[in-house]
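The opening residue of the sequence shown carries number 20 in the working numbering; numbering runs sequentially from there. Even glycine gets a Cβ: it sits at the ideal position worked out from N, Cα and C. Small disclaimer: the values here were computed from a predicted structure and weren't measured. Take a look at the structure below.
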Amino acid sequence: MPAARGAQILLASGSRRRPPAGGTTFNMPQRGRVYGPSRQWLTIVVTACAAAALPVLQPDRRADGERPETAVAHCTQHELLDPTMTQHDGRGGRPPRDGGSGPSHNPWGRAAPRTPAPCSAAPRAAAQHTPAATPPAAAANSNAREVRLYGINAVQAVFQARPQALRKLYLSEARIPQFKALLAWCVTQRIGYRVVEEADLSKLAASAHHEGVVAEVLRVAPQPLQEWLAALPQGPVLALWLDGVGNPHNFGAILRSSAHFGVAGLLLPAGSTLGLSGAAARVAEGGAEAVPLVQLPDTATAMTQLRQAGFAIAATLVDGGQDVFAAALPQRLVYVMGAESDGMDRAFARDCDLQLSIRGSGKVESLNVASATAVFQAAWHARVLTGEH
Numbered sequence: 020m021p022a023a024r025g026a027q028i029l030l031a032s033g034s035r036r037r038p039p040a041g042g043t044t045f046n047m048p049q050r051g052r053v054y055g056p057s058r059q060w061l062t063i064v065v066t067a068c069a070a071a072a073l074p075v076l077q078p079d080r081r082a083d084g085e086r087p088e089t090a091v092a093h094c095t096q097h098e099l100l101d102p103t104m105t106q107h108d109g110r111g112g113r114p115p116r117d118g119g120s121g122p123s124h125n126p127w128g129r130a131a132p133r134t135p136a137p138c139s140a141a142p143r144a145a146a147q148h149t150p151a152a153t154p155p156a157a158a159a160n161s162n163a164r165e166v167r168l169y170g171i172n173a174v175q176a177v178f179q180a181r182p183q184a185l186r187k188l189y190l191s192e193a194r195i196p197q198f199k200a201l202l203a204w205c206v207t208q209r210i211g212y213r214v215v216e217e218a219d220l221s222k223l224a225a226s227a228h229h230e231g232v233v234a235e236v237l238r239v240a241p242q243p244l245q246e247w248l249a250a251l252p253q254g255p256v257l258a259l260w261l262d263g264v265g266n267p268h269n270f271g272a273i274l275r276s277s278a279h280f281g282v283a284g285l286l287l288p289a290g291s292t293l294g295l296s297g298a299a300a301r302v303a304e305g306g307a308e309a310v311p312l313v314q315l316p317d318t319a320t321a322m323t324q325l326r327q328a329g330f331a332i333a334a335t336l337v338d339g340g341q342d343v344f345a346a347a348l349p350q351r352l353v354y355v356m357g358a359e360s361d362g363m364d365r366a367f368a369r370d371c372d373l374q375l376s377i378r379g380s381g382k383v384e385s386l387n388v389a390s391a392t393a394v395f396q397a398a399w400h401a402r403v404l405t406g407e408h
């Protein structure tokens with residue numbers, strides 16, 4: 020909506036300026052300013068913002084005298100002028116006050132983020148080969164409907180790939196210019212966001228490596244194998260079968276290298292609880308949005324369906340396999356990557372079409388699964404896609 024001709028906008032600093040002709044002014048939030056109860060002052064803000072279609076900074080009235088966090092919320096004039104109103108999240112509900120009914124685990128003592136609903140679908144059991152169990156740390160983060168991501172590239176990638184999945188945003192004041200487009204989108208879509216302290220972000224992310232931004236987003240469910248196969252293009256395709264990988268940092272590193280080398284999908288065994296976590300998304304540096312997850316049926320069925328689609332299945336072994344840089348690699352290939360500690364099941368490896376290894380100096384036993392995955396991916400990319408030998 021164009022700004023009204025001649026309208027003056029009262030900024031958080033108290034200065035006035037005219038909005039650009041034919042445009043909308045995005046008024047950036049300012050930390051530390053407590054907006055006073057003056058009805059006259061607030062009426063000016065509401066009137067000016069309504070004329071220019073601007074978001075309104077909602078006052079935070081806290082009885083205990085604690086300095087509030089700055090928040091931008093979407094509110095009506097009645098809500099803004101009513102001194103009993105508190106901040107809300109942009110989705111209609113008003114959280115309880117401090118000390119109100121219901122427990123709060125929010126770092127500011129206010130309404131806690133909604134508890135995600137667990138998935139109801141039970142995982143299917145494998146028929147022959149029993150996949151390695153996913154470690155509890157990875158399993159705990161995989162069943163929720165929403166996931167809390169953090170890190171600049173992780174959050175920006177979600178905004179670019181599927182902005183409708185964003186549910187709430189928290190960021191430091193220093194990140195406001197970098198996320199201006201995302202903040203403006205949140206305003207138009209009525210997505211709640213808050214400008215908070217670094218310490219609060221560390222609590223939200225359960226990590227000090229949040230890079231100044233945390234987002235709650237909807238989780239993407241893995242695709243069924245048949246659906247994924249039907250959508251694949253003809254010609255060269257590389258995929259990974261993660262048989263027991265569970266460490267979130269390894270998973271994130273695999274996502275990152277997979278995005279770099281154009282891997283078409285990460286295949287998860289039947290019964291796997293591996294899913295995207297905040298730590299994995301941060302390590303992936305945006306790669307999590309570029310590589311789909313695929314849910315496999317039981318092992319025998321999955322191998323049959325992959326072979327019918329023209330894929331060869333390659334076991335990756337610490338030793339005893341053919342040198343990956345000397346082997347003839349097929350155009351449509353699935354690497355099976357084993358668990359971090361135990362590697363790949365030997366019986367499963369014998370059932371694969373190829374058995375491959377990475378030759379080394381022998382000064383260490385092996386590469387970790389994330390590093391080994393990147394080497395295998397690079398070998399296929401060089402030999403199949405670029406024709407290097």
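In this structure, the CA atom of residue 261 is about 6 Å from the CA atom of residue 286. Closest in alpha carbon position to residue 317, among 176, 331, 268, 291, is 291. The C-beta distance from residue 376 to residue 337 rounds to 7 Å, short enough to meet the 8 Å contact threshold.
Inclusion of residue 274 and residue 303 in the CB contact set at 8 Å is warranted, their separation being smaller than that value.
With 16 or more other Cβ atoms inside 10 Å of its own Cβ, residue 166 counts as buried. As summarised for the segment 294-375, the continuous alpha helix (DSSP H) elements at least 4 residues long and confined to that stretch are 297-303, 318-327, 365-370, given in chain order. Residue burial annotation: residue 360 is exposed, with fewer than 16 other C-beta atoms found within 10 angstroms of its C-beta. The alpha carbon of residue 327 has as its nearest neighbour, out of 217, 239, 244, 288, the alpha carbon of 244.
Around the C-beta of residue 196, fewer than 16 other C-beta atoms lie within 10 Å, and the residue is accordingly described as exposed. In terms of CA proximity to residue 379, 339 leads the group 268, 334, 278, 339. Contact between the segment 186-200 and the segment 225-240 is established, with three or more Cβ pairs separated by less than 8 Å. With a contact defined as Cβ atoms closer than 8 Å, residue 264 and residue 163 miss out at about 20 Å.
Per the coordinates, the alpha-carbon of residue 352 lies some 43 Å from the alpha-carbon of residue 203. In the DSSP assignment, residue 284 is bridged to 258. When only Cα atoms are considered, residue 256 and residue 218 end up about 44 Å apart. When secondary structure is reduced to three states using DSSP, residue 402 falls in the helix class.
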